[in-house]
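Q: Numbered according to my numbering, the sequence shown spans residues 460 to 646. Each residue gets a CB set at the ideal place from its N, CA and C atoms; glycine is no exception.
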Amino acid sequence: MLALHENALLQALKGQPGIKDRLRAIDSLPKLFGDALLKKYVADAPALYVVPGRITFRDDAATMEFTVAGVVRNAAGQDAARKGDGIDLGCDHLMLMALVAINDKRLGNCSWNATSAEMADDELFEKAGISAVEVKFVSTAIAMPTSLDDDAFAQLDDFLRMHGDFKNSGGNVVAAMDIDLPGASTP
């Protein structure tokens, strides 16, 4: 359910005329943390990332919330990054791109409506010279699955790599292991 709709939102952003050719990245939120994520944001800006959020269940229906996060940077500073400067995109532009591509559209098995947008005010972003905006979208209710069939598993990628961290009694990682399973290709 989440994978199907995350992919549908990504395709809507990538397929909207005027968006893909103005951004360096349109992707799922990278699986990075801390400084590594910040470096990725700086390298990719301007970019839009789709982030799955909360699912609410009521009776036999589910409602999903996703966030589209936009990241920009501008050498002229935070104000120019937020507003744009006539040359580089600003957060306003990224918010409009997300709204045009997703709001009030049927994507996946449901329709989507924007419910809020917020500037991500973070000192780390400011020090890195980037600004970010988050636009929240909520789906219309969809029927919850009542059984598992082959179609439910067809949305999943093949399990090709296993990673394990081994920790001592103090919680410190003492060894790590990656195993490529049959069918995996290594970069």
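With DSSP run on the structure shown, which of helix, strand or coil describes Arg481?
A: Arg481: helix per DSSP, three-state reduction.
Q: Going straight from the alpha carbon of Thr599 to that of Phe492, what length do you get?
A: Spanning the two alpha carbons is a distance of roughly 31 angstroms.
Q: Measure the alpha-carbon distance for Val530 versus Asp519 and round it to whole angstroms.
A: Val530 and Asp519: Cα-Cα distance of roughly 36 angstroms.
Q: Among the candidates Ser628, Gly474, Ser590, Ile638, whose CA atom is the shortest distance from the CA of Tyr500?
A: Checked all of Ser628, Gly474, Ser590, Ile638; the closest Cα to Tyr500 is Ser590.
Q: If you follow the alpha helix (DSSP H) that Lys586 is part of, which residue opens it and which one closes it?
A: First-last of the alpha helix (DSSP H) with Lys586: 582-587.
Q: Look at Ile485 and Ala506 and say whether their C-beta atoms are less than 8 angstroms apart.
A: Yes; because the gap between Cβ atoms is below 8 angstroms, this pair is in contact.
Q: Specify, as a first and last residue, the run of the beta strand (DSSP E) that Gly629 falls within.
A: No beta strand (DSSP E) contains Gly629, which DSSP labels as neither H nor E.
Q: From the DSSP output, in three-state form, read off Gly512 for me.
A: Three-state result, Gly512: strand.
Q: Under the DSSP definition of a beta bridge, which residues are partnered with Cys569?
A: For Cys569, which the question treats as bridged, DSSP gives the partners Leu566.
Q: What residues are listed by DSSP as bridge partners for Lys499?
A: DSSP, once it has assigned bridges, lists no residue as partnering Lys499.
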